[in-house]
Amino acid sequence: MTRSKCSLAPLLLILSACSPACTSVPEAGTPENKGGPVAADTKAEAPPSEVTPPPGGEITEAKGVDLSRLSEPQKTSFFQLINSEPSACGKPHSLAVSLRDDAACRDSLSVSQFIADALASGASASDIKANMEFVVGALQPRKIDIEGRPVYGNERAPVTVVVFADFECPHCRAEAPVLRQAIDQFRGRAKLVFKHFPLSAHPRAKVAAIATVAAQSQGKFWEMHDIVFENQTALSDADIRKYAQKIGLDMKQFDADFAALKGKDLVEADRAEGEKLEISGTPAVFVNGRSFNEYMFGGTVVGWIDDALRR
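As numbered in mature numbering (1 follows the signal peptide of the UniProt record, and there is no 0), residues -21 to -1, 1 to 290 make up the sequence shown, in order.
Right under this line is the structure:
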């Protein structure tokens, strides 16, 4: 992903401090959770607070987890953690038991690999434990309304990548081609859906979003998407109209739709849904409803798509 990154530093792993570069603040006079035709289930089921100890004591194997980068002391910490942390699938046993006995729980494998990678990068066991809720929660799929939203790729693809973006956010601009390259790489097995999340700090982002909805009504969302991102520092009404002409829109229809703010409701519905999903900034990416982050599956959308295809 081509945005500011938070890495697993050799000193501390503090995932909660990491956020996309274009950050969100609540709009003045706006409730945190607006209404609208959205369906978003954002809260993951909490894992059990107590773990049933496995018979025979600590498990010292972790099938499917790459431990090759760990020193012997780090391996000791790894096995202590997976024996004490609960299954990522809400079962009343540890990650270690899940790896051994519950092959259907792919999330436990993913979380265990995260633990191994974090230890190898220098994170302490206490840092990892403090961030387990974040990691497990990111893997819980959310329901996201994509009806009527622009799609890039095969509409019937088994993997859906959703991006919430702001047209004045430079990191959204940088990420846009990366996302589509990832979709292209999977040749019909993944699709990209665009959702609007204009930030209040960017005064022309919402206007630009409405313009792209007007272009979408003429089947040219992605053309407008690209030209707006290319010119994100020049988004006056006159500029936007010039871009609409350049991509070949029917200007009579565009002018009427843009003047009537016909895309406003859709843009506001997307923003409201993003708030329900507790998006703190842009770009925010979900892969089959799971919240993308750079700490699992190689830290790339390609890695996340590959994991989704394996489920």
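Where a beta carbon is used, it is the ideal one built from N, C-alpha and C, also for glycine.
Under the three-state DSSP convention, the category residue i falls into
i	result
H175	strand
K241	coil
S56	helix
V142	strand
A117	helix
A169	strand
Y274	coil
R269	strand
V130	strand
E252	helix
R85	helix
F93	helix
R220	helix
T39	coil
A180	coil
P156	helix
D229	coil
I125	coil
V17	Confidence at V17 is low in this model, with a pLDDT of 28, below 50, so its placement is unreliable and no value can be given for it.
S105	helix
A161	helix
E147	coil
T191	helix
A99	helix
L288	helix
Bridge partner(s) assigned by DSSP for residue i
i	result
T261	C1
P65	S73
G282	None, per the DSSP bridge assignment.
Proximity winner among the options, relative to residue i (alpha-carbon distances)
i	options	result
R85	A97, I61 and L118	L118
T55	G69, Q160 and A95	A95
D163	D244, V280 and N267	V280
A153	T261, N110, I107 and G116	T261
I38	L46, A75, S66 and S3	A75
A187	S196, R220 and H72	R220
L288	E273, S73 and R269	R269
N272	Q59, V114 and L98	V114
S87	G227, E209 and L60	L60
N62	K231, G36, A161 and V141	G36
V138	V266, Q195 and G282	V266
R290	E64, D124 and A83	A83
D285	A223, D249 and R166	R166
S103	Q53, Q160 and E202	Q53
C151	A109, N210, D124 and R128	N210
K108	S47, G227, F57 and A239	F57
G227	V141, E202 and H72	E202
D249	A235, G127, S73 and H204	G127
Contact set for residue i: own chain, Cβ-Cβ below 8 Å, skip 5 residues either direction
i	result
K225	I206
E24	Confidence is the limiting factor: at E24 the pLDDT is only 43, short of 50, which leaves the residue's position unreliable and the question unanswerable from this model.
H181	C1, D145, F146, E147 and C148
I258	S3, F143 and F176
K241	I189, V192, A193 and S196
S215	R183
Neighbourhood of residue i by C-beta distance below 6 Å, restricted to the same chain and skipping five residues each side
i	result
P(-12)	Legend: pLDDT at P(-12) = 34, less than 50; position of this residue unreliable, value from coordinates given subsequently. Cβ within range, chain order: G101.
M275	S89 and F93
K13	For K13, the predicted model reports a pLDDT of 30, less than 50, meaning its position is unreliable; a value from the coordinates is still stated below. A251.
K42	L78
V130	K170 and V172
E247	none
L245	V192
G282	F276
A67	D86, S87, V90 and V115
I125	V172
H204	T191
Test item: CB-CB of residue i and residue j under 7 Å
i	j	result
N133	K170	yes
K122	I189	no
Q92	V44	yes
A193	D145	no
A155	F208	yes
F200	F176	no
A99	L158	no
A217	F233	no
R168	A213	no
M111	E51	no
Cβ neighbours of residue i in the same chain (closer than 7 Å, five flanking residues each side left out)
i	result
D229	Q197
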